[in-house]
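*Asks:* Below is one structure. I have some questions about it.
Residue numbers (our numbering): 5 to 253.
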């Protein structure tokens, strides 16, 4: 599947990278599509979807969070993606930095093996999803996720999380958060395609991932991420939390 024209437009221009330098984030190998008797020798390799977030372009407007809430019917006080805000001191100066957060769709996702009923699994394209029909709401996956990216949906009683808007991707569209990012900070595409924007950005070696020491091989990469924020994934420091608007009859 090719990237949309909108993704290419957002990729133009120089990417601003922060001063902090860390070891480059290694991309996980692409996940191959299953081969059957009918497609053996002719099937094209499955894409490996990934996202690159340019922290310097994020303005913390939370349009990504709001569009995700509306697109995926996320309940009050929960989120599939959000922008956490932190204060970083550099010498005598204090700066406010943004950290967009979502499921990292790890190649070695720790949420998958702990599920007792196999409700959490990874598609051939690398997107980690939850089968709501099988999920029993035990929250083992919520506890296993080191990125605070899962929650139990209090409307459905099932595990919930970012899916890269898989339903939109299957239709040839970008995830809702990418479509609505005001600063063009989110770039989405096929990491298995060497000509894709995300593949080229990751190949430069300037990207970082959250908690690289865990070896989960995340597929959300960050440009310009301060080293001090690579372990910051808790939700408390954020200045804004999504709340449903009270309806009036």
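Positions of the beta carbon are idealized from the N, C-alpha and C atoms, including for glycine.
Classify residue 116 as helix, strand or coil using the three-state DSSP reduction.
*Replies:* Here residue 116 sits in coil by DSSP.
*Asks:* Less than 6 angstroms between C-beta atoms, sequence neighbours within five positions excluded: which residues of the same chain meet that for residue 180?
*Replies:* Cβ neighbours of residue 180 beyond the five flanking positions: 71, 72, 75, 169.
*Asks:* With a threshold of 16 other CB atoms inside 10 Å of the CB of residue 129, please say whether the residue is buried or exposed.
*Replies:* Answer is buried; the Cβ neighbour count reaches 16.
*Asks:* Select from 213, 139, 175, 231 the residue whose C-alpha is nearest the C-alpha of residue 105.
*Replies:* Here the closest residue by C-alpha is 213.
*Asks:* To the nearest angstrom, report how far apart residue 93 and residue 61 are at their CA atoms.
*Replies:* Taking the straight line from one Cα to the other gives about 20 angstroms.
*Asks:* Should residue 99 go down as buried or exposed, given a rule of 16 or more other Cβ atoms within 10 Å for buried?
*Replies:* Exposed.
*Asks:* Based on DSSP bridge pairs, tell me the residues matched to residue 212.
*Replies:* Answer is 226, bridged to residue 212.
*Asks:* Can you tell me which residues form a DSSP beta bridge with residue 87?
*Replies:* BP columns for residue 87 point to 104.
*Asks:* Contact defined as beta carbons within less than 8 angstroms: I believe residue 68 pairs with residue 149. What is the distance between those atoms, to the nearest angstrom?
*Replies:* Actually they do not touch by this definition, with Cβ atoms about 19 angstroms apart.
*Asks:* For the alpha helix (DSSP H) that residue 204 lies in, which residues bound it at each end?
*Replies:* Looking at the DSSP string, the run of the alpha helix (DSSP H) that includes residue 204 is 201 to 207.
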